[in-house]
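Everything on this sheet refers to the single structure shown next.
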Amino acid sequence: MSAILLIEQILNGLQFGVMLFLTAAGLTLVFGVMGLINLAHGSLYMVGAFAAAAVAAATGSFFLALVASLAAAAAAGAIVEVVVIRRLYNRDHLDQVLATFALILIFSEGTRWIFGSFPLFLNIPEALSGPVTLPGGIQYSLYRLVLIGIGLAVALGLFLLINKTRLGIQIRAGENDREMIAALGIDISRLYTIVFALGAALAGFAGALVGAIQSVQVGMGEPVLILAFVVIVIGGIGSIKGALVGSILVGLTDTLGGVLLPSFFKLFMDNAAATATGTALATMAIYILMALILVVKPTGLYGAST
């Protein structure tokens, strides 16, 4: 493999990782603060993507499409929290899993009823289309570079929100002792709604951004949800820093594994067998990574020790 191809794949893995972070960050906030297992988080990713595709088709504006993805996913998240999730906080995790799995079915069928079963397409804005030349003469997609920048900027914004604002103090306090902050006069129901809507908005935003390089279709959020759970297990539940590091590790492992492992096995096998073996191991690589990290640190890289 050439050095240029390796650098391109590293950038692809970084782009995949930071987009995964947008989904995983909301999931780890909800799980860390509320103690809630939300299987419907991937559906909010899908809501954002469909909202963006619909608004872009109607207005031709990619910026308005991104705003629509944030607004639609946040509104859907707030409604779900008030109507359904609020009744699950004191229930066991099995009830949470069953209820949020039912929400997946509702969102999927509702989206199919509104938009149909065929994929929608969200075009990359003209200003961000095409390649850009990086040092060393590497040609790389400008849009993917922008995605990396947006993901890192959101990570910085979340860090500042959690650590430097009054809302962030309340979120961290709610994660540690929700009864105490309720006793101090904080409206815990309002705080939970804000956190859930924020997590939903991040997932919807990710869906819109990724929707421009993939098709927007029903069920697109479920594979992302699985990877997001892997990320928060690797990074540690409730840790934004852990979500970022875990997302990048998963993105690089998945992308580089899919390229390097087949090439490695070609040294010992014919092309067809090497490709099949390498591809199979590449899909397992992130789970092997998760298992190895949990052996060394059962709470994840940045999870609180118990």
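Throughout the sequence shown, residue numbering follows this note's numbering, covering 339 to 644 in sequence. Don't be surprised by glycine CBs; every beta carbon is placed ideally from N, CA and C.
Host alpha helix (DSSP H) of Tyr481 (start-end): Element bounds for Tyr481: 480-502.
Chain-order list of residues whose beta-carbon lies under 7 angstroms from that of Ala612 (same chain, five-residue window excluded): The residues Pro600, Phe603, Lys604, in chain order, have a CB closer than 7 angstroms to that of Ala612 in the same chain once the five nearest residues on each side in sequence are set aside.
Sequence-distant residues of the same chain with beta carbon closer than 6 angstroms to Gln555, five excluded per side: Cβ neighbours of Gln555 within its own chain (closer than 6 angstroms, five residues either side excluded): Pro457.
Coil, strand or helix - Ile624 by DSSP: Judged by DSSP in its simplified three-state form, Ile624 adopts helix.
Given Ala396 as reference, the closest of Leu460, Ser446, Leu565 once Cα atoms are compared: Answer by Cα proximity: Leu460.
Nearest candidate by alpha-carbon position, reference Gly557, set Met384, Gln477, Arg510: Among Met384, Gln477, Arg510, the Cα nearest to that of Gly557 belongs to Met384.
Nonlocal neighbours in the same chain, by C-beta distance under 6 angstroms from Thr644, ignoring five residues either side: Only weak support exists for where Thr644 lies, its pLDDT of 49 falling under 50; the coordinates are left without a value.
Same chain only: Cβ atoms within 8 angstroms of Ala412, ignoring 5 sequence neighbours per side: If the five residues before and after Ala412 are omitted, its C-beta is found closer than 8 angstroms to the C-beta atoms of Ala535, Leu536, Ala538, Ala539, Gly542, all from its own chain and listed in chain order.
The region 576-585 touching the region 631-641, judged by at least three CB pairs closer than 8 angstroms: The count of Cβ pairs closer than 8 angstroms, one atom from the region 576-585 and one from the region 631-641, reaches three, so the stretches are in contact.
Complete alpha helix (DSSP H) runs within the region 430-478 (minimum length 4 residues, chain order): Secondary structure in the region 430-478: the alpha helix (DSSP H) runs of 4 residues or longer, each lying completely within the stretch, are 431-453 in chain order.
Ala467 burial status per 10 Å Cβ neighbour count (16 or more: buried): For clarity, residue 467 is Ser in the given sequence; the question names Ala instead. Counting Cβ neighbours within 10 Å, Ser467 comes out exposed, since fewer than 16 surround it.
Residues bridged to Val554 (per DSSP): Under DSSP, the beta-bridge partners assigned to Val554 are Leu458.
Supposed close pair Arg584, Ala362 - CB separation, criterion 8 angstroms: Reading off the sequence shown, one finds Gly at residue 584, where the question assumed Arg. Sure, about 7 angstroms apart at Cβ, within 8 angstroms.
Same chain only: Cβ atoms within 8 angstroms of Leu349, ignoring 5 sequence neighbours per side: Cβ contact annotation for Leu349 (same chain, cutoff 8 angstroms, sequence separation greater than five): Tyr478, Arg482, Leu483, Ile486, in chain order.
Outcome for Asn376 when other beta-carbon atoms lying within 10 angstroms are tallied against a minimum of 16: Flag for Asn376 reads buried.
Under 9 angstroms between C-beta atoms of Leu374 and Leu443: For the 9 angstroms CB-CB criterion, Leu374 and Leu443 do not form a contact.
Span separating the alpha-carbon of Ala629 from that of Asp608: Roughly 30 angstroms separates the two Cα atoms.
Contact set for Leu360: own chain, Cβ-Cβ below 8 angstroms, skip 5 residues either direction: Same-chain partners within the cutoff: Gly489, Val492, Leu540, Ala541, Phe543, Ala544, Leu547.
Beta-carbon spacing of Leu358, Ala566 below 9 angstroms: Yes, Cβ-Cβ distance for Leu358 and Ala566 is below 9 angstroms.
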